[in-house]
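Here the protein sequences line up with chains A and B, keeping their order.
Counting along the first sequence from 1, when you hit position 92 you're at 92 in the numbering used here, and nothing is skipped either side.
Throughout, the numbering used here is defined as the position within the second sequence, counted from one, plus 115.
Accompanying notes for the structure given below.
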Amino acid sequence: DAMVIQNPRYQVTQFGKPVTLSCSQTLNHNVMYWYQQKSSQAPKLLFHYYDKDFNNEADTPDNFQSRRPNTSFCFLDIRSPGLGDAAMYLCATSRSTGPNQETQYFGPGTRLLVL
Amino acid sequence: GQSLEQPSEVTAVEGAIVQINCTYQTSGFYGLSWYQQHDGGAPTFLSYNALDGLEETGRFSSFLSRSDSYGYLLLQELQMKDSASYFCAVRGSQGNLIFGKGTKLSVKP
C-alpha cells in the first residue's frame with residue numbers, strides 16, 4: 001500500500017544533542033510537510049518542500065532544519081533540542097496538481113522526548 | 116494573518132447527530148478541510164470544501180459558506196469510534212494547511 005512512513009516512532013534525545021527524524025513516502029507526491037504537534041494542540045507547520053523548493057514558516061526556529069535528498073525522503077534535523085521541543089512531529093505529503101490535491105496524507109508521527 | 120475558531124470540546128451519545136462549527140479569518144481563501152485525529156494517531160483527511168454548499172461522505176457531511184467565513188462538520192449516527200479530535204483547516208496558497216485548535220468529541224454509550 002502507498003503510504004507515508006516515519007522512523008522512528010519514538011525518539012529519546014538529550015538536551016542539546018542533535019537529532020534527525022526521517023520520513024519517506026511511496027505516494028510519489030511532490031509536496032512534503034513537517035508539522036510539530038504538542039499535547040492537546042493543533043499541528044503547526046514548520047516548513048514544506050514544493051518539489052526541491054524549501055519553504056520555511058516565518059516563526060520556525062533556526063534550530064529546526066530540513067533536507068529532502070529526493071522525492072521519497074525528507075528529514076527533520078533539530079540541531080540543539082531543548083525541553084520545549086518535546087512534541088509529536090508529523091510528516092505529510094500532497095500533490096500540487098491534479099485530483100485530490102487538497103488532501104494531505106500524514107505519517108504516524110515521531111514522538112520526541114528530550115531529557 | 117489567518118485564524119480559525121472551533122469549540123474545544125463536544126459530548127454526544129451514540130446514535131446522535133453532532134455539528135462542529137468552524138469560523139475562519141484568512142487573507143486568501145482556497146478551501147476548508149476537516150481532519151480527524153484519534154489520541155496518539157495521525158490526522159486523517161475527512162472532507163474538503165472549496166465552494167459553498169454541503170459535501171456528503173457516508174455518515175459525515177461538511178458545509179461551507181464563504182460569505183460567512185463559516186463551515187461545519189456534521190457527524191450522524193455517532194459511534195464510539197468517532198471519539199477523536201476534529202480539526203478544521205484552511206488551505207494556504209502553496210497547499211499548506213493552517214489548523215484550528217481542534218474539537219475533542221467524546222461519544223458516550
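Even glycine gets a Cβ: it sits at the ideal position worked out from N, Cα and C.
Original post:
In whole angstroms, what is the alpha-carbon distance linking Q65(A) and L76(A)?
Top reply: Just so you know, the alpha carbons of Q65(A) and L76(A) end up roughly 6 Å apart.
**OP:** Could you name the residues that DSSP lists as bridge partners for L76(A)?
**Re:** Answer by DSSP bridge pairing, in chain order: L21(A), S66(A).
Original post:
Per DSSP, what kind of secondary structure is M195(B) in: helix, strand or coil?
Top reply: If DSSP states are grouped into helix, strand and coil, M195(B) belongs with the helices.
Subject >> One or two residues paired with H48(A) in a DSSP bridge >> reply: DSSP, once it has assigned bridges, lists Y33(A), N55(A) as partnering H48(A).
**OP:** Measure the alpha-carbon distance for S184(B) versus Y139(B) and round it to whole angstroms.
**Re:** The C-alpha of Y139(B) is placed about 6 Å away from the C-alpha of S184(B).
**OP:** Within the same chain, show all residues whose beta-carbon is closer than 6 Å to that of M195(B), passing over the 5 residues directly before and after it, in chain order.
**Re:** In its chain, beyond the 5 residues on either side, V222 have a beta carbon closer than 6 Å to the beta carbon of M195(B).
Subject >> Member of V125(B), G217(B), W149(B) whose CA lies at the smallest distance from the CA of Q104(A) >> reply: Answer by Cα proximity: W149(B).
**OP:** List the residues of chain A that Y163(B) touches, going by C-beta distances under 8 Å, in chain order.
**Re:** Result: E102, T103.
Subject >> Candidates R9(A), Q36(A), N7(A), S22(A), of which the one nearest A86(A) by Cα >> reply: That would be Q36(A), whose Cα lies nearest to the Cα of A86(A).
Original post:
Measuring CB to CB, does Q152(B) end up less than 8 Å from I213(B)?
Top reply: Not closer than 8 Å, so no.
Original post:
Closest by CA to S104(B), which one among I132(B), G143(B), P122(B)?
Top reply: Because chain B here runs from 116 to 224, residue 104(B) falls outside it and cannot be looked at.
Subject >> Assumed close pair K219(B), E120(B) - CB separation to whole angstroms, cut-off 8 Å >> reply: About 15 Å separates the CB atoms of K219(B) and E120(B); that is not less than 8 Å, and the two are not in contact.
**OP:** Note down, in chain order, every chain B residue with its Cβ under 8 Å from the Cβ of Q41(A).
**Re:** Within chain B, the residues placing a beta-carbon under 8 Å from that of Q41(A) are K216, G217, ordered along the chain.
Subject >> Chain-ordered neighbours of F178(B) on chain A, where CB pairs are closer than 9 Å >> reply: Result: empty, since nearest Cβ-Cβ is about 16 Å, beyond 9 Å.
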